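Enquirer: Residue numbers (this note's numbering), protein chains in the order written: chain A, 1 to 288; chain B, 1001 to 1288.
Glycine residues also receive a C-beta, built at the ideal position from the N, C-alpha and C atoms.
As the structure is a prediction and not an experimental result, all values here were calculated from the model.
What follows is a structure written as structure tokens; I'll ask about it next.
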């Protein structure tokens, strides 16, 4: 006899789960490019979601890690953007370039340049290894300080300008400004944190406090998905970070009354729906 | 038999007690003006210290509360500065004007104008009734929000610029920026808090934690002196806010081992020395 359906369990799905504006735009551009040409490449995986990368590969769109790849007919720049020098080098190429850099990231790049040109010591709050931050760094002439939650406050100059990796939590920024203002005479902050990231984190936090278990759906290599999972865990809620429905284990729902589902900005709707579907095969519930 | 000398008590005086740069400059300018002309007036009391005002009066320098006072031969603008409109009106007067506005306040006025002209919603952190803040307000075309610790966070526009009354504690600024950055896209802060205020508060706090009783010397109408006294009281240290040595009561030193003396930015050295002297008549100690 198979597992019994667990009646009486409520499933709630975050309204803001899944693709943000910039990711949806980029993925749409990639699928569209696939219909129009061959030899379509993305510079790096277009988003941090292995399932979407695999779907694109089936349409003939592949990641490459260099702009000098001889196979390139069309090159798609992903949401994270690229360093200024790479943008300039692309002008010399004979292939088609599709710029799917998130418009919010593009703005943050412009702000980094504006601050640098304005004589500010530029501070980038974020993860120095993240491609978005590497791009921002180039627009600050590679002279910025990159700080995240774990970095001790360095010695700052008297005139400091700040941009933030778009997917960072606002508390990192709050903490930085309240410390830095002690030490500087002028502080100019562009709060480049994407609203959709902030709202998704807030909604996830509210949801996690009301349910027995959280499912966070998205790439294990997606920083913002991992951030959602960490948030839930830090609230003391049992949390499962899964990439696809196939990872769900039956006993995860034992003794559970309410389940919350959220997903990172790079998780496509069909994967979230798949998780929801797999769960509804076992339980009843409603979309929250 | 008079009171016994209380041997073994240590008296420590804050290095940063008394006149700050701007106050010393203004008071010097007033005494200097007195030697050179008659009918010398200050627009409002030149500093918030009744004893200094009285000394100046003996030299013929008197406060007036209007620039239209027919008796004026020379008018001295005090450290707090004056509103833009009053500055403009003074250009039409036939008497001599001596501008003793603190250079740091002048800078804050320029920053307020810069922010206003730059399209920022200007926020002034400080006391709306304080003459310095009234001056700053005028340079923001009277369109600024004035906030202090007790004000709930208002609805902010997306582009906010901040200046601070020079004598405010830095915690007010820290609290504001860490709250505001949540709600705005761009935040430009001129940390116009005078270093001397910040350092005096820090030194006073360190001192208060080490002594049995604090004496805070300065005008009862001086905001920054009162702030020092409040700080000491909030640390749970017995604190006496006195204007002159004559207020010291003998039993205030009963059972006391260590005494700390600090003073506001508008307290002249001779009053601090007087307090020190009066105390040394009773106890032994050293300058800290």
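Can you confirm whether residue 104(A), when its beta carbon is compared against all beta carbons of chain B, has any partner nearer than 8 Å?
Expert: Stepping through the first chain from its first residue, residue 104(A) is reached at position 104. No, residue 104(A) lies away from the interface with chain B (no Cβ there is under 8 Å from its Cβ).
Enquirer: Answer yes or no: do residue 126(A) and residue 92(A) have a C-beta to C-beta separation smaller than 8 Å?
Expert: For the purposes of this step, residue 126(A) is identified with residue 126 of the first chain, where counting begins at 1. For the purposes of this step, residue 92(A) is identified with residue 92 of the first chain, where counting begins at 1. For residue 126(A) and residue 92(A), no; Cβs fall outside 8 Å.
Enquirer: Look at the alpha carbon of residue 32(A) and the alpha carbon of residue 141(A), and state the distance between them as a whole number of angstroms.
Expert: In the first chain, residue 32(A) corresponds to position 32, counting from 1. In the first chain, residue 141(A) corresponds to position 141, counting from 1. Spanning the two alpha carbons is a distance of roughly 34 Å.
Enquirer: Going straight from the alpha carbon of residue 1037(B) to that of residue 1061(B), what length do you get?
Expert: As a working note, residue 1037(B) is residue 37 in the second chain. As a working note, residue 1061(B) is residue 61 in the second chain. Between residue 1037(B) and residue 1061(B), the C-alpha separation is close to 10 Å.
Enquirer: Can you name the residues of chain A whose CB is closer than 7 Å to the CB of residue 1178(B)?
Expert: Numbered from 1 along the second chain, position 178 holds the residue referred to as residue 1178(B). Result: 174, 177 and 178.
Enquirer: Residues of the region 1178-1195 of chain B in Cβ contact with chain A at a cutoff of 7 Å, in chain order, please.
Expert: Listed by position, the residues of the region 1178-1195 of chain B near chain A (Cβ gap below 7 Å) are 1178, 1181, 1182, 1184, 1185, 1186, 1187, 1188, 1189, 1190 and 1191.
Enquirer: Considering only the beta carbon of each residue, do residue 258(A) and residue 13(A) sit closer than 8 Å?
Expert: Translated into positions along the first chain, residue 258(A) becomes position 258. Translated into positions along the first chain, residue 13(A) becomes position 13. Against a cut-off of 8 Å, the Cβ pair of residue 13(A) and residue 258(A) comes out as no contact.
Enquirer: Any idea which residues DSSP pairs residue 77(A) with across the strands?
Expert: If you number the first chain from 1, residue 77(A) lands on position 77. The partner list for residue 77(A) (beta bridge, DSSP) reads 99(A).
Enquirer: Can you tell me which of the three DSSP states residue 1031(B) falls into?
Expert: Reading the second chain from its first residue, position 31 is the one you call residue 1031(B). It is helical.
Enquirer: Could you pull out every residue in the same chain whose Cβ sits closer than 6 Å to the Cβ of residue 1002(B), ignoring the five residues on either side in sequence?
Expert: Residue mapping note: residue 1002(B) aligns to position 2 of the second chain, counting from 1. Annotation note: pLDDT 40 at residue 1002(B) (below 50); position unreliable, no value reported.
Enquirer: Does the Cβ of residue 1276(B) have 16 or more other Cβ atoms within 10 Å, making it buried, or fewer, making it exposed?
Expert: Position 276 of the second chain holds residue 1276(B). Residue 1276(B) should be labelled buried.
Enquirer: Kindly indicate if chain D contains any beta-carbon less than 8 Å away from that of residue 170(A).
Expert: Absence of chain D from the displayed structure is noted, the protein chains being A and B.
Enquirer: With residue 181(A) and residue 187(A) assumed to form a contact (beta carbons below 8 Å), what rounded beta-carbon distance in angstroms separates them?
Expert: Start at 1 with the first residue of the first chain, and residue 181(A) comes out as number 181. Start at 1 with the first residue of the first chain, and residue 187(A) comes out as number 187. At roughly 6 Å, the Cβ-Cβ gap stays under 8 Å, so residue 181(A) and residue 187(A) are in contact.
Enquirer: Any contact between the region 1115-1130 of chain B and the region 1155-1173 of chain B? By contact I mean 3 or more CB pairs, one from each, below 8 Å.
Expert: Enough Cβ pairs lie closer than 8 Å, so yes.
Enquirer: For residue 1263(B), which residues does DSSP report across the bridge?
Expert: In the second chain, counting from the first residue as 1, residue 1263(B) sits at position 263. Per DSSP, 1217(B).
Enquirer: Just list the residues that DSSP pairs residue 1160(B) with in beta bridges.
Expert: Counted from its first residue, the second chain places residue 1160(B) at position 160. 1121(B) and 1187(B), per the DSSP bridge assignment.
Enquirer: Quick check: what's the CA-CA separation for residue 1207(B) versus residue 1198(B)?
Expert: Taking the first residue of the second chain as position 1, residue 1207(B) is located at position 207. Taking the first residue of the second chain as position 1, residue 1198(B) is located at position 198. Approximately 14 Å between the Cα atoms of the pair.
Enquirer: Whole angstroms are fine: how far does the CA of residue 1216(B) sit from the CA of residue 1231(B)?
Expert: Against the second chain, residue 1231(B) aligns to sequence position 231. Against the second chain, residue 1216(B) aligns to sequence position 216. Approximately 10 Å, taken between the alpha carbons.
Enquirer: So who's on the other strand from residue 43(A), going by DSSP bridges?
Expert: Residue numbering aside, residue 43(A) sits at position 43 when the first chain is read from its first letter. BP columns for residue 43(A) point to 64(A).
Enquirer: Would a C-beta distance cut-off of 8 Å place residue 1266(B) and residue 1130(B) closer than the cut-off?
Expert: In the second chain, the residue the question calls residue 1266(B) occupies position 266. In the second chain, the residue the question calls residue 1130(B) occupies position 130. No, they are not a contact pair.
Enquirer: Report the three-state DSSP secondary structure of residue 1(A) (helix, strand or coil).
Expert: Mapped onto the first chain, residue 1(A) falls at position 1. With a pLDDT of 39 at residue 1(A), under the threshold of 50, the modelled position of that residue is not reliable, and no figure is offered here.
Enquirer: How many Å lie between residue 1046(B) and residue 1078(B) at the Cα?
Expert: Taking the second chain and counting its residues from 1, one reaches residue 1046(B) at position 46. Taking the second chain and counting its residues from 1, one reaches residue 1078(B) at position 78. Between residue 1046(B) and residue 1078(B), the C-alpha separation is close to 5 Å.
Enquirer: In whole angstroms, give me the CA-to-CA distance for residue 255(A) and residue 249(A).
Expert: Walking along the first chain from the start, residue 255(A) turns up at place 255. Walking along the first chain from the start, residue 249(A) turns up at place 249. So the alpha carbons of these two residues sit roughly 14 Å apart.
Enquirer: Compute the Euclidean distance between the alpha carbons of residue 1023(B) and residue 1099(B), then round it to the nearest angstrom.
Expert: Numbered from its first residue, the second chain carries residue 1023(B) at position 23. Numbered from its first residue, the second chain carries residue 1099(B) at position 99. Between residue 1023(B) and residue 1099(B), the C-alpha separation is close to 12 Å.
Enquirer: Looking only at its chain, what residues have a beta carbon closer than 8 Å to the beta carbon of residue 80(A), apart from the 5 residues adjacent to it on each side?
Expert: Locating residue 80(A) in the first chain gives position 80, counting from the first residue. So the qualifying residues of the chain are 44, 101, 102, 105, 130, 131, 132 and 135.
Enquirer: Under 6 Å Cβ to Cβ from residue 56(A), same chain only, skipping five residues before and after it: list those, please.
Expert: Sequence index remark: in the first chain, residue 56(A) carries index 56 (1-based). Result list for residue 56(A): 30, in chain order.
Enquirer: So for residue 1241(B), helix, strand or coil by DSSP?
Expert: Residue mapping note: residue 1241(B) aligns to position 241 of the second chain, counting from 1. Of the three classes helix, strand and coil, the one that applies to residue 1241(B) here is strand, per DSSP.
Enquirer: Check each candidate in 107(A), 225(A) and 117(A) and name the one with the smallest Cα separation from residue 17(A).
Expert: For the purposes of this step, residue 17(A) is taken as the residue at position 17 of the first chain. Comparing Cα positions, the closest option is 225(A).
Enquirer: Here's a check: name, in chain order, each residue in its chain whose Cβ is nearer than 8 Å to the Cβ of residue 70(A), leaving out the five neighbours to either side.
Expert: Taking the first chain and counting its residues from 1, one reaches residue 70(A) at position 70. Cβ neighbours of residue 70(A) beyond the five flanking positions: none.
Enquirer: With DSSP run on the structure shown, which of helix, strand or coil describes residue 1211(B)?
Expert: Position 211 of the second chain holds residue 1211(B). DSSP places residue 1211(B) in coil when its eight states are reduced to three.
Enquirer: Rounded to whole angstroms, what is the Cα-Cα separation between residue 1151(B) and residue 1160(B)?
Expert: As a working mapping, residue 1151(B) is identified with position 151 in the second chain. As a working mapping, residue 1160(B) is identified with position 160 in the second chain. Taking the straight line from one Cα to the other gives about 17 Å.
Enquirer: Residue 12(A) by DSSP, collapsed to three states: which one?
Expert: On the first chain, residue 12(A) is found 12 positions in, with the first residue counted as 1. In the structure shown, residue 12(A) sits in a strand (DSSP, three-state: E or B).
Enquirer: For residue 1145(B), which residues does DSSP report across the bridge?
Expert: In the second chain, residue 1145(B) corresponds to position 145, counting from 1. DSSP, once it has assigned bridges, lists 1123(B) as partnering residue 1145(B).
Enquirer: Within 8 Å of any Cβ in chain A, is that where the Cβ of residue 1016(B) sits?
Expert: Taking the first residue of the second chain as position 1, residue 1016(B) is located at position 16. Taking Cβ atoms only, chain A never reaches closer than 8 Å to residue 1016(B), which makes this a no.
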